[in-house]
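Worksheet: the structure to be examined is printed underneath.
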Amino acid sequence: MAKPNITLVQGDITEQDVDAVVNAANSSLLGGGGVDGAIHRRGGPDILAECRRLRASRYGGGLPVGHAVATTAGKLPARWVVHTVGPVWEPGEDRSALLASCHRESLRAARELGARTIAFPAVSTGVFRWPVEDAARIAVGAVLEEGEGFTEVRFVLFDQRAYDAFAAALPSGH
Ligand code: AR6
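Residues in the sequence shown are numbered from 90 upward in steps of one, following my numbering.
Right, here's the structure in full:
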């Protein structure tokens, strides 16, 4: 099958008109700052209600780092939010397999629902402090591996530096 069409935009993840948007969540699934705060604020209470049900049923101990789970997107333009938990940057410890896993598992969760278009923020590069150039390389690599079947995989970058980092990480021809 064809490789996914990877696109980049500078903007806000909550405004993306795609089937699924990815949330850079934490294990509690109960919200936070950054992307997580914006998604719950703009998406309304239905997202949190579903997250609470997931906590009560499947994820009593929290969603593990590198995993992903989907909920409604509430009032967002997307149909689903895929919540994933990125690793916290830890100098001296290679956690890149977990960051790649976030992207692969998010794509799998979205694909299972029938999503053909998906938007990712730069997972782990905010509160979790992962250097954006390195995160971009890992994210793009994981999407090239696991993104088959998607007509578009969009990275939504908040600032110019993140945009430039992802642009540099794209393979030639993109
Ligand atoms: N749209 C797109 N990108 C955004 C937006 C937005 N609305 N807001 C921030 N960014 P972060 P993390 C960028 O901190 O590092 C939360 O408290 C931001 O500039 O949202 O994975 C969670 O609950 C950065 O480049 O996610 C967790 O506890 C990138 O999105 C923790 O933060 C990711 O920053 C997760 O930390």
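Glycine included, every Cβ here is placed at the ideal spot set by N, Cα and C. This structure is a prediction, so every number in the text was calculated from the model and none was measured.
- In DSSP terms, what Val174 is bridged to: Ala114
- Taking the Cβ atom as the reference point for each residue, do Ala239 and Leu246 lie within a distance shorter than 8 Å? Sequence check: residue 239 is Phe here, not Ala. Not closer than 8 Å, so no.
- Query: By how many angstroms is the C-alpha of Leu259 removed from the C-alpha of Arg226?
  - Reply: 8 Å
- Query: Is any heavy atom in the ligand AR6 found nearer than 7 Å to the beta carbon of Ile102?
  - Reply: Yes.
- How is Arg243 classed by DSSP in three states: helix, strand or coil? strand
- Message: At the level of alpha carbons, what is the spacing between Val124 and Pro210?
- Response: 8 Å
- Message: Could you tell me the alpha carbon to alpha carbon distance between His156 and Ser185, rounded to whole angstroms?
- Response: 14 Å
- Among all the DSSP beta bridges, which residues are the ones paired with Leu97? Phe244
- Task: Would you check if there are 3 or more beta carbon pairs closer than 8 Å linking the region 186-193 to the region 126-137?
- Result: no
- Query: Cβ of Thr96 versus every heavy atom of the ligand AR6: is any distance shorter than 7 Å?
  - Reply: Not so, every heavy atom of the ligand AR6 lies at least 7 Å from the Cβ.
- Go to Ile227, then tell me how far its alpha helix (DSSP H) extends in each direction, as first and last residue. Val221 to Glu235
- Phe247: beta carbon under 7 Å from a heavy atom of the ligand AR6? yes
- Message: Which runs of the beta strand (DSSP E) at least 3 residues long sit entirely within the region 182-221? Give them in chain order.
- Response: 206-209
- Across which residues does DSSP place Ala109 in a beta bridge pair? Trp169 and Ile207
- Which stretch, first to last residue, makes up the alpha helix (DSSP H) that contains Val124? Gly123 to Gly132
- Candidates Glu104, Val110, Ala257 and Cys140, of which the one nearest Leu118 by Cα: When only C-alpha atoms are compared, the closest one is Cys140.
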